[in-house]
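To start, the structure itself, in structure tokens.
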Amino acid sequence: MGTAGQRICLWTAPAVAVIWLVCFFVFPGFTAPLSPRLPAEAVAAFYADPHNLARTRYGMILFNWFGFGFLPFYGLITVQMKRMAHNSEVLAYGFLATATSAATLLSVTILFFQVAAFRPDRDPAIVQLINDMAWMTFTVPVSFLMAQAGVLALAIFLDRQAEPVYPRWLAHLNVATVLLLAPCVLASVELDGPFAWDGFWSYWVRIAVFGAWVVAMFFAALRAMGRSA
Amino acid sequence: MSAWKQNRQLELWIVWWSMPVFYLIFMSCYFVVARTMPPPPPHWNPAEILHWVELRHAGIELGYLLFFLTIGLPGWHIGLIGVLLARMSVSPAYAYAYIGTMAAGTLPGALLNGFGYALLVLRPDRDPRALSFLYEFANLTFVGTMGVFFVGSFILVVAILLDENDILPKWFGFACFWNLTTEFTVAPAWIFQHGPMTWTGGITYYWNMVVYGVWQILYFVVFYQAIRRIPSRLAA
Chain Z
461 MGTAGQRICL WTAPAVAVIW LVCFFVFPGF TAPLSPRLPA EAVAAFYADP HNLARTRYGM
521 ILFNWFGFGF LPFYGLITVQ MKRMAHNSEV LAYGFLATAT SAATLLSVTI LFFQVAAFRP
581 DRDPAIVQLI NDMAWMTFTV PVSFLMAQAG VLALAIFLDR QAEPVYPRWL AHLNVATVLL
641 LAPCVLASVE LDGPFAWDGF WSYWVRIAVF GAWVVAMFFA ALRAMGRSA
Chain C
480 MSAWKQNRQL ELWIVWWSMP VFYLIFMSCY FVVARTMPPP PPHWNPAEIL HWVELRHAGI
540 ELGYLLFFLT IGLPGWHIGL IGVLLARMSV SPAYAYAYIG TMAAGTLPGA LLNGFGYALL
600 VLRPDRDPRA LSFLYEFANL TFVGTMGVFF VGSFILVVAI LLDENDILPK WFGFACFWNL
660 TTEFTVAPAW IFQHGPMTWT GGITYYWNMV VYGVWQILYF VVFYQAIRRI PSRLAA
């Protein structure tokens, strides 16, 4: 059933997921993402609105606390990857490195949102700049999640044992994650449409894909833990 | 099991091959497609910056799209170096320190440059003060990121020179030290706006690129040779 320490790492994942969900509903910019087309004055007005301001500040303080929250879970996945029948630990280490980079990017995003909300009466051009940096950092660097899912897919495909650590379908799910996330990089050049940072694909599909990935990995890790001594 | 899966060190070879592929794309993005390297000078006013950016608009968009798609791959390469370090006689501490340090390095070392240029071309009509900030942010962070690579190189130097298992050649340890010294020669970029010590100067930028370029090629070669010598964990 795994050690007590491993079980704690596993169960932090649903706890953190619930907190992230709360942050999602508290920050008004998540339930209705800000369009890149918004003029600077409208962006500044969003942060200056007393209702939005309080929810941004408190929502982002919570998100800041738990922005790195999945790292214990990723640590557990790394341990389970090291149990795979591979020639070396390269894929497990690669997973840990990419997962750490992805979490760092999210924490920087949160800081930008917090800086924007710290002094909302700033010059609108500067508020817009900080807001742009937040959305760009939040949306565009999907490559880390892609590399994270990609290395995991490779690891599952190459797990050469009769009873592999993770089931084969999880490798396919990770490949699908890579493919579905890739178009989100278009948010770096699009101001409108499904690939803009508030667009259907770059925002809603990306969040849904990440959510599905976490759920699938949680159950896979739970099952793998149940089968380990 | 398929025959190809039996290949000794297949995982390391896949990761190794992703290195030249990634660096070819990475360098092409900067030097050929976006043409943001070599960097333009620090003393330009917003009108000059805007003119220069507009000449490269489509190139910067395409170049940085490719950059953003592939920039996660160095995380795999960190894993490869982690495996080599873990096999050295020093201590696994060096492998873990390297993985931790370098996983943080991509953000200041490359991504901030990408965000700066992407935001410049996304909204070229933004306030000129914000435009200047993004331009300086993109170039200074790229050239002036020092600490993370200083520590990364330091770990490699100490581990390679002390290692008794001969995982990597000793001369490569000295090459890593040579690369480490450029983390000091780039420091003046944070101060000067004119001359050879700016972010695009001969002493700061060009010397760094020569040393880094040579080191990067050596890096492919020594890792290739090292992987061939590593026994498989599965054979044990």
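Respectively, the protein sequence lines represent chains Z and C. Numbering-wise (the working numbering), the first sequence opens with residue 461 and increments by one. Numbering-wise (the working numbering), the second sequence opens with residue 480 and increments by one. All C-beta atoms in this analysis are idealised placements derived from N, C-alpha and C, irrespective of residue type, glycine included.
Subject >> Min CB distance A597/C to chain Z below 8 Å >> reply: yes
**OP:** Give a yes or no on whether the C-beta atoms belonging to W673/Z and T637/Z are separated by under 8 Å.
**Re:** yes
**OP:** Determine the contact status of V575/Z and I590/Z, defining contact as a CB-CB distance below 8 Å.
**Re:** A contact, by the Cβ cut-off of 8 Å.
**OP:** Report all residues from its chain with a CB closer than 8 Å to the CB of F555/Z; omit the five preceding and five following residues, and keep chain order.
**Re:** Y534, I537, T538, M541, Q608, V611, L612, A615
Original post:
If we ignore side chains and look at the alpha-carbon of each, how far apart do P584/Z and D604/C end up?
Top reply: 14 Å
Original post:
When you compare each of A545/Z, F490/Z, V675/Z to L630/Z by their alpha carbons, which one comes out closest?
Top reply: The shortest C-alpha separation from L630/Z is found at V675/Z.
**OP:** In angstroms with no decimal places, state the Cα-to-Cα distance between R659/C and S632/C.
**Re:** One detail in the question is off: residue 659/C reads as Leu in this sequence, not Arg. Each residue's Cα considered, the two are about 6 Å apart.
**OP:** Identify, in the order they occur along the chain, each residue of the same chain with its Cβ nearer than 7 Å to the Cβ of I683/C, setting aside the five sequence neighbours on each side.
**Re:** The amino acid at residue 683/C is misidentified as Ile; the sequence shows Thr. Same-chain partners within the cutoff: V622, T664, V665, P667, A668, M676, T677.
Original post:
Do you know how far the Cα of A492/Z is from the Cα of R543/Z?
Top reply: 42 Å
Subject >> Cβ-Cβ separation, L647/C to V562/C (assumed contact under 8 Å), whole Å >> reply: Contact doesn't hold; Cβ gap of about 12 Å is too wide.
**OP:** Using a Cβ-Cβ cut-off of 8 Å, state whether T624/C counts as contacting chain Z.
**Re:** no
Original post:
Mind pulling the chain C residues with CB within less than 9 Å of S495/Z?
Top reply: Result: empty, since nearest Cβ-Cβ is about 13 Å, beyond 9 Å.
**OP:** Indicate the three-state DSSP secondary structure (helix, strand or coil) for L713/C in the structure shown.
**Re:** coil
**OP:** Starting from C483/Z, follow the alpha helix (DSSP H) in both directions and report where the run begins and ends.
**Re:** 464-486
Original post:
Would T585/C be called buried (16 or more neighbouring beta carbons within 10 Å of its own) or exposed?
Top reply: Buried: at least 16 other Cβ atoms inside 10 Å.
Original post:
Mind pulling the chain C residues with CB within less than 7 Å of T538/Z?
Top reply: None at all; the shortest Cβ gap to chain C is about 10 Å.
Original post:
Between G674/C and the rest of its own chain, which residues show a CB-CB distance below 8 Å, the 5 nearest in sequence each way excluded?
Top reply: G680
**OP:** Using a Cβ-Cβ cut-off of less than 9 Å, list which residues of the stretch 544-567 of chain C approach chain Z; keep chain order.
**Re:** L544, L545, F546, F547, L548, T549, I550, G551, L552, P553, G554, W555, H556, I557, G558, L559, I560, G561, V562, A565, R566
Subject >> is_contact[R514/C, chain Z] using C-beta, thresh 8 Å >> reply: no
Original post:
Which chain C residues sit within Cβ distance under 8 Å of T569/Z?
Top reply: Those do not exist, as T569/Z stays about 11 Å from chain C at its closest Cβ, beyond 8 Å.
Original post:
Are any of the Cβ atoms in chain C nearer than 8 Å to that of M685/Z?
Top reply: no
Subject >> Chain-ordered neighbours of T664/C on chain Z, where CB pairs are closer than 8 Å >> reply: The premise fails here: T664/C is roughly 27 Å from chain Z at the closest Cβ pair, so nothing lies under 8 Å.
Subject >> Collapsed DSSP secondary structure at G659/Z in the structure displayed >> reply: coil
Original post:
At which residue ranges does the stretch 543-584 of chain Z contain complete alpha helix (DSSP H) runs of 4 or more residues, listed in the order of the chain?
Top reply: 550-578
Original post:
Near I706/C, which residues of its chain fall below 7 Å by C-beta distance, leaving aside the five closest residues on each side in sequence?
Top reply: Taken in chain order, the residues that qualify are Q488, L491, W492, W495.
Original post:
Any beta-carbon of chain C closer than 8 Å to the one on A505/Z?
Top reply: no
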